[in-house]
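Report on the structure given below.
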Amino acid sequence: MKYLLDIWRQRDKDTDGSFRTYLYETDSDTVTVASALSELNKRKELADIEGVVSGRIVWECSCMQKKCGACAMLINGKPRLACDARLSDNKSGRLRIEPLRKFPLVADLTVNRQIIFDDLRQMQVWSESDIFADDRNNTVMYEASRCLQCGCCLEVCPNFAVGEKFFGMSAMVPASRLLAGMTGSSFDRLRKQYGKVITDGCGKSLACRNICPAGIDIEGLMARSNAAVLWKWFSKRRSRHDNGNNT
Ligand code: SF4
Ligand code: SF4
Ligand code: FES
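By numbering that gives the first Met the number 0, the letter at position 68 of the sequence shown is numbered 67, and the numbering carries on one by one without gaps.
See below:
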């Protein structure tokens, strides 16, 4: 099978970019975009269909098994993991491969997603106290722990922009894991942050609902996390109120 791959080429953020088309041939229908990019880069001379020779395609990968999120990019306009996108998924034989557009470009298909980790740091998404998992919260905690921080959910979110106040689902998902199991002052601190940088800014459009390559049920997780936050907050208020009445 012959594929035409329209791949975004841009040397760095200060130069103009454009799509260049490369021919890729294979007998297998299980070849992924990630494998095709690797093989193109192994060619002695990387020439497009017009014969223009260029340097290696800059792109990121690590696990090649849908585990690290490094290879997130736009494939035919949809954010996906290159190691999870088969060429044969596209029956036309032509694929458009470009970088995520919400993040600063480094080169070709590589973007700088540091903002995801900066936002988690700013939210202080770590636990300073014990976390309790039981039958009520272990589904939320397990589901949330599968986040790859790939940024696909941010790419489709109309409310997310790098450097703005709303941190998006890549922050909500790890935070909800801790919120489900935390108690005490750590819970209070994270709950306040969660309200400020997630709940207040989310328009609930659910554009991010079916995009997660890890298959996280974002809508269900959001509903369960919000319920857990409210439940814990009301329980705390109630126990304060009851203690006040007893004194
Ligand atoms: S929630 Fe899903 S899409 Fe969003 S960063 Fe985590 S793994 Fe990626
Ligand atoms: S529900 Fe809408 S606004 Fe909220 S994170 Fe998802 S895409 Fe963004
Ligand atoms: S290389 Fe790790 S998710 Fe694709």
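The beta carbon of each residue, even a glycine, is placed where N, CA and C say it ideally should be.
Query                                                                                                        : Result
Any non-hydrogen atom of ligand 1 closer than 8 angstroms to L94 Cβ                                          : no
Nearest neighbour of W125, chosen from P173, A35, T138 and A106 [CA to CA]                                   : P173
K191 versus C146 - alpha carbon distance                                                                     : 22 angstroms
Proximity test, N158 beta-carbon vs ligand 2 heavy atom, cut-off 8 angstroms                                 : yes
Given 8 angstroms, three or more beta-carbon pairs between the stretch 141-160 and the stretch 97-105        : yes
Ordered list of beta strand (DSSP E) runs contained in the stretch 104-154, each at least 3 residues         : 104-106
Proximity of A247 and K65 at Cβ, strictly below 9 angstroms                                                  : Nothing about residue 247 can be reported from this structure: the residues present for the chain run from 0 to 246 only.
Beta-carbon proximity list for V196, same chain, < 8 angstroms, skipping 5 on both sides                     : D118, Q121, M122, K164, F165, F166 and A170
Those residues which DSSP pairs with S17 across a bridge                                                     : R8
DSSP state of T246 mapped onto helix, strand, coil                                                           : Its pLDDT being 48, under 50, T246 is placed unreliably by the model, and the measurement read from it follows with that caveat. Here T246 sits in coil by DSSP.
Beta carbon of A35 nearer than 9 angstroms to that of L4                                                     : yes
DSSP-derived helix/strand/coil call for K77                                                                  : strand
Q148 beta carbon near ligand 1 (any heavy atom closer than 8 angstroms)                                      : yes
Coarse secondary structure for S53, derived from DSSP in three states                                        : strand
Range covered by the beta strand (DSSP E) that runs through E38                                              : First-last for E38: V32 to K41, but that is the alpha helix (DSSP H), not the beta strand (DSSP E).
Per-residue burial, T246 [other beta carbons within 10 Å of its own, 16 or more giving buried]               : For T246, the pLDDT reaches just 48, beneath the cut-off of 50, and the residue's location in the model is therefore unreliable, although a value from the coordinates is still provided. The residue is exposed, with fewer than 16 neighbouring Cβ atoms inside 10 Å.
C149 classed as buried or exposed, judged by whether at least 16 other C-beta atoms fall within 10 angstroms : buried
Proximal residues to G16 (C-beta, below 7 angstroms), its chain only, five neighbours per side dropped       : W7, R8 and Q9
Three-state secondary structure (DSSP) of R100                                                               : coil
heavy atom of ligand 2 below 8 angstroms from S204 C-beta                                                    : yes
C82 Cβ short of 8 angstroms to ligand 1 heavy atom set                                                       : no
heavy atom of ligand 1 below 8 angstroms from R145 C-beta                                                    : yes
Continuous alpha helix (DSSP H) stretch holding A213: start and end                                          : Unbroken run through A213: none, as it is neither H nor E.
Cβ neighbour criterion (16 or more within 10 Å) applied to I96                                               : buried
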